[in-house]
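Enquirer: Just so we're aligned: 282 in UniProt numbering is position 282 of the sequence shown, and the numbers increase by one with no gaps anywhere.
For each residue, glycine too, the CB sits at the ideal point set by N, CA and C.
Keep in mind it's a predicted model, so treat the numbers as computed, not measured.
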Amino acid sequence: MSESTETESGGSWRSVAVVAGWQTAASLCYYSIFAATGFVRETFGVSESRVGLFLTAALLGYTVSLFPSGAAVDGYGEKRVMTAGLVALGVAAVGVTLAPTYALLLLAGALLGAAYSTAMPGTNRGIVAGAPPGRANLAMGLKQVGVTAGSGVSSLLITGIAAVAAWQVGFWAVAVLAGVYAAGFAVVYRGKGGTGEVTWPEMGGLASNRAYVALVAAGFFLGASIFSMLGYTVLYVQDVVGTGAAVAGAVLAATQVTGSVGRIGAGTLADRLGGARGAATVALAQLAAGAGLFAVLVNGGGSLFVTAAVFVGLGVTIHGSTGVFYSCLSNVVDDDDIGAATAGGQTGLNTGGLLAPPAFGLIVESTWGYDAAWAFVTALALVGATLLFVVRRRV
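(1) Do you know offhand how far residue 247's Cα is from residue 311's?
(2) Given a threshold of 16 other Cβ atoms within 10 Å of its Cβ, counted over all protein chains shown, does residue 214 qualify as buried or as exposed?
(3) Classify residue 368 as buried or exposed, calling it buried when 16 or more other Cβ atoms lie within 10 Å of its own Cβ.
(4) Relative to the C-alpha of residue 45, which residue among 28, 100 and 68 is closest?
(5) Give me the residue from 41, 29, 58 and 340 with the minimum Cα distance to residue 149.
(6) Take residue 36 as the anchor and find which of 55, 26 and 22 has the nearest alpha-carbon.
(7) Which residue marks the beginning of the alpha helix (DSSP H) containing residue 209, and which one marks its end?
(8) Keeping to the same chain, check which residues put their C-beta closer than 7 Å to that of residue 306; ignore five residues upstream and five downstream.
(9) For residue 366, which residues in the same chain have their Cβ closer than 8 Å to its Cβ, ignoring the five residues on either side in sequence?
(10) Within 10 Å of its beta-carbon, does residue 334 have 16 or more other beta-carbons around it, so buried, or fewer, so exposed?
(11) Determine contact between the segment 276-290 and the segment 312-324, defined as no fewer than three beta-carbon pairs at a distance below 8 Å.
(12) If we ignore side chains and look at the alpha-carbon of each, how far apart do residue 4 and residue 12 end up?
(13) Report yes if the CB atom of residue 361 is closer than 8 Å to the CB atom of residue 51, and no otherwise.
(14) From residue 245 to residue 159, what distance separates their C-alpha atoms?
(15) From residue 122 to residue 256, what does the alpha carbon distance come to, in whole angstroms?
(16) For residue 128, count the other beta carbons within 10 Å of its own beta carbon; 16 or more makes it buried, fewer makes it exposed. Which is it?
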């Protein structure tokens, strides 16, 4: 049976797997910058807050490009946009390694983020079109495993290669992998066609959807928690626990492994609970548990075992919640609005990621240090959990 026939008859796991593979390759490129924070600090001689600014530049490029990417996905279908996006990601990853100054590094990071903006509108649309009936939450969770898998592999690849060669070589390797998968994706994947024209998303209807608005607001605090954790895991383990870059990278990779487990488990549970309410309930529980784990890091650092255990738990909870977040997002809007709705939801996530990591870095550099920084993230996660409770009441 062909993939197009399977999709028309109600979806196929083959289609889900192809989209998840694309997400893995895309995340391998984008999340490499988080594994390279220590090398960026050393190579360019910058402070922790300037490392955070580099991550912010990438996220800013990602954020400002989301609505154009969402419009392109709705207009031309996800296949064309995703293929072009993955090629652009590979090129941008190489561009990061060629930046001769910190200012040009910021520009390269912004271009990498812009290329990654094709990911969520494209993959979410692909999953909604291709998921088997009644398994949309699990399919979304499996697709989101591509994020943690790509991030985890990049953590090991970048830090591992840096131990025997220049850190830039790792970026070249992920660029090659992205190019290879883009070629295969263009041949294998069929997907769903678009409207044939690119129009700016109509957000008026979405703005009147109270559940959607509350979910986007929750996404802000979820994104702040995720990107603060991603941006400073390696530096925290190095600075507070006192390990080398390879061990710190392994801790970050472990959070991605458990994040994958969390996304699959959360999706399965949400399918059993059913609909947007089930997805919101699971995400609420994960974010609340994540807040408790962040609190452990306040006055709790120093032991590698305890620190690694906390970050592993944060993988299951914080990283593991994005699949059900996107499932809930897709369930509270019409199918024709998924591209625009995803762009809005991802903008909420990214805006939190834009603001929180630099603030985290500034707190670390102050007399308060990492303890106060983790207390700050704990508070953000608690606010996000409260908003998810509101979403659960409205759907």
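Expert: Quick answer:
(1) 13 Å
(2) buried
(3) exposed
(4) 100
(5) 29
(6) 55
(7) No alpha helix (DSSP H) contains residue 209, which DSSP labels as neither H nor E.
(8) 300
(9) 372
(10) exposed
(11) yes
(12) Here residue 4 scores only 40 on pLDDT, less than 50, and its place in the model is too uncertain to base an answer on.
(13) yes
(14) 7 Å
(15) 22 Å
(16) buried
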